[in-house]
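Note that numbering that gives the first Met the number 0 has the sequence shown beginning at 0, numbered continuously upward. Built from N, CA and C at the ideal position, the CB exists for glycine as well. Here is the structure we will look at.
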Amino acid sequence: MAYEKTWAANPKLNKTELKKLEKDGLKIFDEIPRYAKEGFAAIPQEDWDYFKWAGLYLQRPKEAGYFMMRVCVPSGILNNEQLETLAGIARDYGRGLFDITTRQAVQFHWLQIEQIPDIFQRLKRVGLSTAGACGDITRNIVGNPLAGIDPDELFDTTHIVREVYEFFQHNEDFSNLPRKYKMSISANVYNAANAEIHCVSFIPAKKVIDGQEVLGFHVKVGGGLSSAPHLAQLLDIFVEQERVKEVAIAITTIFRDYGYREKRHRSRLKFLVADWGVEKFKEKLLEYTGPLPSKGETVQKGWNAGYFYGVHRQKQEGLNYIGFNVPVGRLSADEVFEIARITRQYGNGEVRFCNSQNLVIPNVPDSYVESVLQEKIFERITVRPKTFIGYSVSCTGIEFCNLALVETKERMRHVAEYLDSRLQLDVPVRIHMVGCPNSCGQRQIGDIGLQGIKMKTKDKGMVEAFEIYVGGTLQNDGKFNEKLKGKIPAEQIEEVLVLLFSYFQETKLPGETFLDYFNRVGIEALQAELDRILTNFSTVA
């Protein structure tokens, strides 16, 4: 029996909500085969948005008929057959582009409607799906990319993530949510899943129940970025491992039935949590789940931001995982095929994608480690990246995205490589570049956030430019970075950053991280230096 759409009678529903009442977003899967036969011109423009539920967005310009596709990869874990299938799709249909996203998913470009049914069949054969990769639905579940092999995990979350993911797949009871809905489930004690920026996150915890220590989760709710960022807040509950699916369903039900549907820009779960507060939210949750224990002891020790570079021992004796940098998350299909070959030859065929847009090859025996590192492909995709390129994150940008205001992906790579050619720091600096306020590149949590804007100039009219934000972190429950005053034309951003980081290098303490430096000197010192830099640029111009 279908659930009751309790919000359907609301006279203030926005246009998108009214449209979703006419047809569930997942129905697009039934219609794609017909559109593939008839061609792009047969798709009514008013149906373009439905394709999001199938993991498809029309890329810029929409009228050209090329799609971007995301494929869900729960916890970023792929077996060899899956990896080769994805590489084949990129090669055969996506002009060789293969992007790793900040949610551990895979993204293709340049796809045409006639190709989609074959792509879906290829994905289905290896147990992959695009359902929920986009749209007002549960998105790809972010998790610990080292699940099952991680010495720093409280327990293995692989089966838990899989159970929750499969429940929401193609589930029309939860395919009409107020907006996108992002979940993370991880037991890594260094917060590898970035818990504070998701709608709901299950984080590792332990509690003594009936005299026995139980390993489970605490839950944070109400996180999210975009133009109104919120940090997720901790609920006073402890969730045993076997109850994660039940609690996830209950929280999603609350969002579905009580989330806001009047204004799209206020429809994320974070706004409901902010208005209700965590106590009211917990009370409502317990109406669905029945009693839950109060919170126990959180076991998180810090934040690794999803970086795992180098060779590391696994929990399994004699085996290692190796973390590699993928510059701004972009690979070629040929590179992915080569990585698949290497993982078969030296490991168990798996690869793990990180929310830092990088990858890990697990299960490499001690005797094979050096052989892996000598493979030619790992000259570009390296275990020892330079300071800036190794910690640079970027969204898709104006190259493909209809929302972006500026180019980002290749620009971030060029900026990072330029900085590495000019500076040698003793600490890494995390730079996140985004092309618009939606912040798919997670600008708010970077040491440095670069947000693309349009800027009016006297001689060139409107040009691409950036604002600079400083001091973001998810340590100690998190703090978003703060904006420095000033707009920097895109053509000047490399030199401005060289001067800003040179100042950092000259005034920091040995071994001092950018975050510690920021906390010590304050935003005023950095603002004063940026003002000086921009004044000099203006004088030269």
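Contact between Asn354 and Gly305 holds: their C-beta atoms lie close to 4 Å from each other, under 8 Å.
Note that the segment 171 to 189 touches the segment 138 to 154; at least 3 beta-carbon pairs, one per stretch, sit closer than 8 Å.
Taking C-beta atoms as the reference points, Ser185 and Thr157 fail to come closer than 8 Å. A direct Cα-Cα distance of roughly 32 Å separates Val163 from Lys408. Ile522 places its beta carbon 8 Å or farther from that of Arg351.
Assignment of Gly389 by DSSP, reduced to helix, strand and coil, places it in the helix class. Under the 8 Å Cβ criterion, the segment 109 to 123 does not count as touching the segment 171 to 178, having fewer than three qualifying pairs.
CA-CA distance, Asn187 to Ser393, rounds to 24 Å.
Of the other Cβ atoms in all chains shown, fewer than 16 fall within 10 Å of the Cβ of Leu508; this residue is therefore exposed. In this structure Pro427 is buried. Its beta-carbon is surrounded by 16 or more other beta-carbon atoms within 10 angstroms.
Put simply, the backbone Cα of Ile341 is about 13 Å away from that of Tyr320. Residue pairing by DSSP places Asp98 opposite Gln106, Arg329 in a beta bridge. For Val414, same chain residues with a beta-carbon under 7 Å away, outside a window of 5 residues either side, are Ile492, Glu493, Leu496 in chain order. Between Leu483 and Val469, the C-beta spacing is below 8 Å. Distance between Phe536 and Lys457, taken at the CA atoms: about 15 Å. Rounded to the nearest whole angstrom, the CA to CA distance from Phe387 to Pro326 is 10 Å. Under the three-pair Cβ rule at 8 Å, the segment 103 to 117 does not count as touching the segment 286 to 296. Rounded to whole angstroms, the separation of the alpha carbons of Gly485 and Pro228 is 21 Å. For Phe503, the enclosing alpha helix (DSSP H) starts and ends at 492 to 506. Burial state of Leu20 is exposed, judged by a 10 Å Cβ sphere holding fewer than 16 other Cβ atoms.
Sequence-distant partners of Val359 (beyond 5 residues in either direction) whose C-beta falls short of 6 Å from its own C-beta, in its chain, are Pro144, Phe307, Tyr320, Gly322, Arg351. Secondary structure at Lys486: coil, using DSSP grouped into helix, strand and coil. Of all alpha-carbon atoms in Ile444, Leu404, Pro150, the one lying nearest the alpha-carbon of Leu473 is that of Ile444. Contact between Gln356 and Ile99 holds: their C-beta atoms lie close to 5 Å from each other, under 8 Å. When DSSP assignments are scanned along the segment 261 to 347, the uninterrupted stretches of alpha helix (DSSP H) that are 4 or more residues long and fall wholly within it turn out to be 268 to 275, 277 to 288, 332 to 345. Taking a C-beta distance under 8 Å as the contact criterion, Gln441 and Leu127 do not qualify as a contact pair. Proximity of the segment 79 to 95 to the segment 330 to 337 meets the contact definition, three or more beta-carbon pairs being nearer than 8 Å. Here DSSP, grouped into helix, strand and coil, assigns Leu77 to strand. In the three-state scheme derived from DSSP, where H, G and I count as helix and E and B as strand, Glu245 is classed as helix. The beta carbons of Gly434 and Ala403 sit about 3 Å from each other, so the pair counts as a contact at 8 Å. Distance check between Gly221 and each of Asp209, Leu214, Phe201, Met67 places Phe201 closest, using alpha-carbon atoms only. For Phe352, the enclosing beta strand (DSSP E) has its first and last residue at 350 to 352. Residues His217, Val218, Lys219, Val220, Val277, Phe280, Lys281, Leu284, Lys294 of the same chain have their beta carbon placed closer than 8 Å to that of Leu234, with the five preceding and five following residues left out of the count. When DSSP reads this structure, Ile430 sits in a beta bridge with Ser391, Ile447. Between the alpha carbons of Arg263 and Thr251 lies a gap of roughly 18 Å.
Between the segment 256 to 270 and the segment 59 to 68, the count of Cβ pairs shorter than 8 Å is below three; the stretches do not touch.
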